[in-house]
Amino acid sequence: MDINSDTKLYCLIGHPISKSLSPYIHNFSFNKNNINAKYLAFEVDKYKLKDCISGIKALDIKGFNVTIPHKVDIINYLDDISEEAKLIGAVNTVKNVNGKLIGYNTDGLGFIKSLYDKKIDLEGKNVLILGSGGASRAISMMLAKEGVRKIHILNRTIDKAKKLINDIKKNFPKIEYSYSNLAEFNINNQQDIDIIINCTSVGMYPDENEIPLDIKFINQNTIVYDIIYKPLKTKFLKKAEEKGCLIINGLKMLIYQALISEEIWLNKKLDLENIVMALEKQDFLLKNRNY
Ligand code: NAP
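Quick note on our numbering: the sequence shown kicks off at 17 and runs consecutively.
Rendered as structure tokens:
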């Protein structure tokens, strides 16, 4: 669609953003849905955040995504935040409603949608989560909300795992929980884990030979999810595949969180499954497989 004076601008702010796939995903979706809008990525470091928000308001940019390192700090500049964003304590999507900025978090929702796509029922499940950063917070809160029975968190920095577990407990007191140091995890008696999710950045391009945890203790009934999407098949997923496990990479989560942001900005339901199917055939995502 041509750019004209009615074209609305949406964007990503973060640092670094040079490898982001968000502009491809959103511009593809805007085109496919005949929406007169464009999406750009802006390099914004922590010193520029305040000015950037003033600029967004002055130009009446209708919505934007927020990535590292602003997902928590952005909250100081917002007029309100959604229930999910409050639970998670971080925002990845902002909507500009007549000059008022409202924050949302679609990371956890995108993750849950990618599991339901595979017809994976979460109720009563025993889940092991590696990492306690922003993505882990979003995913673990949404898993708790969806009714999993038990959450174990493993993290390199134990205090962060403890804090996350305490925050989950405050909001979902019935959940069974445990946490430990990633390096000291006792792999004995762990056969009953239904789903393992890597939410650390270990194994991500260019450190593709790294693995966050030795998973020799799992059996083929364990579902293994790595939210990394560069590469699409991490060493962690390769090891799980060798065991015969169902493996899931981070690509669908990435696409869904982006499209759910779009639904919020446009205030309308999109045919998510159809857009995801079309997106998965696009060159820019296929090329991404070479990472
Ligand atoms: P983050 O907030 O910086 O958290 C990073 C996590 O990785 C922390 O738990 C950190 O542990 C752990 N970690 C980093 N290096 C480690 C190492 N060498 N050994 C052990 N643990 C290590 O980042 P994030 O936003 O949560 O993102 C994490 C990963 O998820 C990234 O790879 C990102 O690309 C991916 N992601 C994917 C999607 C998607 O849509 N598919 C969405 C968001 C993020 P400490 O607490 O000890 O530092």
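Glycine included, every Cβ here is placed at the ideal spot set by N, Cα and C.
DSSP three-state assignment for residue i, whether helix, strand or coil
i: residue 194; result: strand
i: residue 27; result: strand
i: residue 297; result: coil
i: residue 180; result: helix
i: residue 86; result: coil
i: residue 3; result: No answer is possible for residue 3: the residues shown for the chain start at 17 and end at 307.
i: residue 143; result: strand
i: residue 106; result: coil
i: residue 124; result: helix
i: residue 117; result: strand
beta-carbon residue i near the ligand ADP non-hydrogen atom, thresh 6 Å
i: residue 193; result: This structure does not include the ligand ADP; its bound ligands are the ligand NAP.
Distance, residue j Cα to residue i Cα
i: residue 299; j: residue 287; result: 21 Å
i: residue 117; j: residue 23; result: 20 Å
i: residue 227; j: residue 281; result: 37 Å
i: residue 178; j: residue 195; result: 7 Å
i: residue 183; j: residue 199; result: 23 Å
i: residue 253; j: residue 17; result: 39 Å
i: residue 216; j: residue 163; result: 23 Å
i: residue 161; j: residue 193; result: 14 Å
i: residue 145; j: residue 171; result: 9 Å
i: residue 21; j: residue 296; result: 31 Å
i: residue 7; j: residue 165; result: The structure shown does not extend to residue 7, since the chain is modelled only from 17 to 307, so the question has no answer here.
i: residue 79; j: residue 276; result: 12 Å
i: residue 310; j: residue 36; result: In the structure as shown, the chain starts at 17 and stops at 307, and residue 310 therefore has no counterpart that could be examined.
i: residue 104; j: residue 256; result: 29 Å
i: residue 112; j: residue 284; result: 15 Å
i: residue 53; j: residue 133; result: 28 Å
Status (buried if at least 16 other CB within 10 Å, exposed otherwise) for residue i
i: residue 7; result: The requested residue 7 is not part of the displayed model; the chain covers only 17 to 307.
i: residue 306; result: Note that residue 306 has pLDDT 45, beneath the 50 cutoff, so the model's placement of it is unreliable and the number below is only indicative. It counts as exposed.
i: residue 120; result: buried
i: residue 106; result: buried
i: residue 123; result: buried
i: residue 197; result: exposed
i: residue 34; result: exposed
i: residue 128; result: buried
i: residue 109; result: buried
Pick from the options that is closest to residue i, judged by C-alpha positions
i: residue 310; options: 72, 35, 126, 264; result: The structure shown has nothing for residue 310, since the chain only spans 17 to 307.
i: residue 232; options: 269, 223, 201; result: 201
i: residue 247; options: 241, 265, 293; result: 265
i: residue 3; options: 88, 58, 136, 108; result: Residue coverage of the chain in this structure runs from 17 to 307, which leaves residue 3 outside it and unanswerable.
i: residue 89; options: 99, 66, 56, 49; result: 66
i: residue 244; options: 99, 186, 87, 152; result: 152
i: residue 99; options: 35, 291, 158, 33; result: 158
i: residue 57; options: 38, 78, 239, 85; result: 38
i: residue 30; options: 48, 68, 47; result: 68
i: residue 294; options: 25, 268, 283; result: 268
i: residue 62; options: 49, 50, 82, 86; result: 86
i: residue 176; options: 50, 230, 148, 36; result: 148
i: residue 213; options: 102, 32, 131; result: 131
Okay, do the segment 206-226 and the segment 83-97 touch, 3+ Cβ pairs below 8 Å being the bar?
-> no
Inter-stretch contact (C-beta, 8 Å, three-pair minimum) for the segment 68-77 and the segment 35-54 = By the Cβ test, the segment 68-77 is not in contact with the segment 35-54, since fewer than three Cβ pairs between them sit closer than 8 Å.
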